[in-house]
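If you read the sequences in order, they're chains E and L. Sequential numbering from 1 applies to the first sequence in the numbering used here. Sequential numbering from 1001 applies to the second sequence in the numbering used here. Here a beta-carbon is modelled for each residue, glycine too, at the ideal position from N, C-alpha and C. Here's the structure we're looking at; comments come further down.
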Amino acid sequence: MNESFVSPIEPTTTEARSAVVEFRNVTVSFDGPPVLRDISFSVGPRETRILLGPAGVGKSVLLKATDGLVCPDSGSIFLFGEDIASMKERRLFAMRARTGMVFQEGALFDSLSVRDNVAYQLIQERVPDDEIDRRVKEALLFVGLEQTFSLFPGSLSGGMRRRVAIARALIRNPELLLYDSPTGGLDPVTSTTIIELIVKQRDFYKTPSIMVTHRLQDAFTMVTHRFDTETGGMVPLPEGETDPNTTFLMLNEGALIFDGTIDELVACDDPFVKEFLD
Amino acid sequence: MPFEKIDRTAKELVYTVQDYFLFSWRAVLNLFSRPIYWADMILQSDIIGVGSATIVIFAGFFTGGVLAVQSAATLAAFGATAVTGRFVAMSMIRELGAVLTGIMVSGRNASSMASELGSMVVTEQIDAMRALGVDPMRKLVTPRIFACITMLFFLTIVSDFCGILGGAAVTVFMNHQNGTQYFSMAYEYLQFPDILQGLVKPLLFGFLIASIGCFYGMRTTGGTQGVGRSTIQAVVWASVMIIFSDLLVSIVMVSIFNR
């Protein structure tokens, strides 16, 4: 894997002080009872939040709300310091261009080649073709899929699609990454490859992120491993150590029932958290 | 209980109509502000215009032929077979060219728009597009509406032309009448209001086909089954609205030009 993709982003002093994402008492509903109820949390610079919870509790809705794809009924969502809850769609497009989102099934455009999928934003911005090709190749090299440059999504496996989706999310060096169940439905080996990419992005580029998952194994791998630039792979942290910038959120029935570190999660008395961990 | 159901259905209908008007308004407004995706407009024009040309040519030709066969039999009773050309030309240009082309294009393109956009919705491609900072209304809907209006206009002219040719073929080769007489009768009685009526309709029909197709596609829910449902609704409503708006335009045009 190539580390020369982009230089690591160093947050400025002002950015370091403020949260990249902040939810304040957010409630979301669609023609019925609320899907999210009174949600409040924040994501700091360089911080990775792992959002846990069983299927259907509103994890993906929360992630979409973070990117302004879903409008809350009440409360405020601050993205890069600006309240996007009441922001017009036209302004939201500019805000979203600063984030990278990996969807559950990849959400690649079927009719476009891998090159055009990864370069989608760059093509819209009319970046010269030579530069597009160079940046796409670098992004694909980062996810280990440089050979898929001219293929179409239909000829890729599920794991490859997710990795192309990650390359698409990373190509413009986003200031925030949102992963929606990036390992859902994948075999353990492919899941580990995806988690390794996410850990690499976290440790090498220090991009703040929110990762939705219902797989505890992935969450624990992320918090107990680091990316080693010398070996170019993921290595376990020393016994008893965890990544201080990776913390947990847990949703149940639309409510945020946990917000804290791995140690606090393991020690949590909440019956649902205990049952989930068991 | 029945009242509740009627109430709910009526409200849903009103909401749908309201959503459709807002959707169409946004799509049209996008034509007057940047970015405008010209490449997508040309691509869609090719798909809708060139792609539908064959079926429109055949449909127009055969319809003209049928009109000639049926009218000649009736007109013969009055000794007026000489006006077959006038009958076919007027029917094709004022009504059938536009309506049949609209329905053919609706069956082919409203369905493809609804299923294509619907599939994109259920596979989160529309959300992905928004997340990548691109407005799907501008990128997907506005080019389709623009292309459909433009192409239906030209396809209707092609259909009219083929219909008159089809009528001529039947008149000359089956009814053994004079071809020159057929064409002179077809041309002589045509007036500006007839052509205007025939060319205003495809503009409206083109808008209805694309806006209804895209509207149902973009509001698809319920996975692949939902895509099928959206496709059916798009074709049914586009066809019904074509015929309904044809009636309205005909009433208005006839009352204005008294013809």
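{"query": "Mind pulling the chain E residues with CB within less than 7 Å of threonine 1156 of chain L?", "result": "Simply none; closest approach about 29 Å."}
{"query": "Give every residue of the same chain whose Cβ lies closer than 6 Å to the Cβ of valine 1249 of chain L, excluding the five residues on either side of it in the sequence, and list them in chain order.", "result": "Lys1201"}
{"query": "Contact check, alanine 209 of chain E vs arginine 215 of chain E under 8 Å by CB: the rounded distance?", "result": "As written in the sequence, residue 209 of chain E is serine, which differs from the alanine given in the question. Contact doesn't hold; Cβ gap of about 16 Å is too wide."}
{"query": "Going along the chain, which residues of the segment 76-109 of chain E sit with their C-beta nearer than 9 Å to a C-beta in chain L?", "result": "Glu89, Arg90, Leu92, Phe93, Ala94, Met95, Arg96, Ala97, Arg98, Thr99, Gly100, Met101, Phe103, Gln104, Glu105, Gly106, Ala107, Leu108 and Phe109"}
{"query": "Counting along the chain, where does the beta strand (DSSP E) carrying aspartate 259 of chain E start and finish?", "result": "255-260"}
{"query": "Along the chain, where does the beta strand (DSSP E) containing serine 1033 of chain L start, and where does it finish?", "result": "Premise fails: serine 1033 of chain L is in no beta strand (DSSP E) and is neither H nor E."}
{"query": "Listed from N- to C-terminal order along the chain, which residues in the segment 1107-1134 of chain L have their beta-carbon within a distance smaller than 7 Å of any beta-carbon of chain E?", "result": "Thr1123, Glu1124, Gln1125, Asp1127, Ala1128, Arg1130, Ala1131, Leu1132, Gly1133 and Val1134"}
{"query": "Assuming serine 1052 of chain L contacts methionine 1104 of chain L (C-beta within less than 8 Å), just tell me the rounded distance between them.", "result": "7 Å"}
{"query": "State the start and end residues of the unbroken alpha helix (DSSP H) segment that holds leucine 151 of chain E.", "result": "Counting along the chain, leucine 151 of chain E falls outside any alpha helix (DSSP H), and DSSP gives it neither H nor E."}
{"query": "Could you confirm whether any beta carbon from chain L is found closer than 8 Å to the beta carbon of lysine 64 of chain E?", "result": "yes"}
{"query": "Residues of chain L with CB under 7 Å from tyrosine 120 of chain E, in chain order?", "result": "Leu1132"}
{"query": "Give a yes or no on whether the C-beta atoms belonging to leucine 251 of chain E and lysine 59 of chain E are separated by under 8 Å.", "result": "yes"}
{"query": "Check whether the Cβ atoms of cysteine 1148 of chain L and isoleucine 1057 of chain L lie closer than 8 Å to each other.", "result": "no"}
{"query": "Have a look at methionine 87 of chain E and leucine 69 of chain E and give me their C-alpha separation to the nearest angstrom.", "result": "11 Å"}
{"query": "Does the Cβ-Cβ distance between methionine 101 of chain E and phenylalanine 80 of chain E come in under 8 Å?", "result": "no"}
{"query": "For my contact list, threonine 261 of chain E and proline 174 of chain E are in at a C-beta cut-off of 8 Å; report their separation, rounded to the angstrom.", "result": "The Cβ separation is near 25 Å, so there is no contact."}
{"query": "Does DSSP put glutamate 82 of chain E in a helix, a strand or coil?", "result": "strand"}
{"query": "For valine 28 of chain E, which residues of its own chain have a beta-carbon under 7 Å away from its beta-carbon, when the five flanking residues on both sides are left out?", "result": "Pro34, Val35, Leu36, Val61, Ala65, Val70, Pro72 and Asp73"}
{"query": "Among E:Arg161, E:Ser157 and E:Val223, which residue has its Cα nearest to the Cα of valine 118 of chain E?", "result": "E:Arg161"}
{"query": "Inspect the beta-carbon positions of glycine 1102 of chain L and glycine 1198 of chain L and report whether they are closer than 8 Å.", "result": "no"}
{"query": "With distance defined between alpha-carbon atoms, name the residue in L:Gly1223, L:Ile1006, L:Leu1155 and L:Val1066 nearest to leucine 1203 of chain L.", "result": "L:Leu1155"}
{"query": "Could you have a look at arginine 17 of chain E and say whether DSSP puts it in helix, strand or coil?", "result": "The predicted position of arginine 17 of chain E is uncertain, since its pLDDT is 47 and thus under 50; no value can be drawn from it."}
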